[in-house]
Amino acid sequence: MSMHNPLALAASQDRLIRKPEVLSRTGLGNTTLYALVKQGRFPPPLPIAGRAVAWREIDINGWISDRISAARSRTQSTAASQIPEQNPNDKQQLKEST
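All residue numbers for the sequence shown refer to the numbering used here, where the first residue is 1 and numbers rise by one.
Dropping the structure here:
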């Protein structure tokens with residue numbers, strides 16, 4: 001399958017994945033997974049046959065990407081808040097002491 005073909009790329013990202021793969025890829029536990037689904041904070045599963053369910057891979061990839069972006073954003077804002085502000089008087093005091 002060529003990844004230069006947009007249809008092939010879309011088809012490869014829109015496959016259904018079962019719960020063991022979802023848990024493995026997200027690092028979530030079974031209870032947490034369903035709690036997040038119930039809270040609307042995780043994509044719900046799709047019924048595929050009888051009691052069997054699966055998730056759209058593209059939805060899981062999006063959820064993972066959102067978590068990574070949020071973590072990076074928090075890290076950057078935390079790092080920025082830890083940079084001490086320069087007091088303009090510091091330069092003046094330094095000049096006066098020399």
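Beta carbons: idealized from backbone N, C-alpha and C, even for Gly.
Distance between residue j and residue i (C-alpha atoms, nearest Å)
i             : j             : result
valine 53     : proline 45    : 6 Å
leucine 28    : isoleucine 64 : 11 Å
asparagine 61 : asparagine 30 : 18 Å
glycine 40    : glutamine 76  : 27 Å
Bridge partners - residue i, DSSP secondary structure assignment
i             : result
alanine 52    : Ala49
isoleucine 17 : Trp55
* To do: Check whether the region 17-24 touches the region 47-61, counting contact only when three or more Cβ pairs, one atom from each stretch, lie closer than 8 Å.
  => In short, these stretches touch, since the Cβ pair count reaches three.
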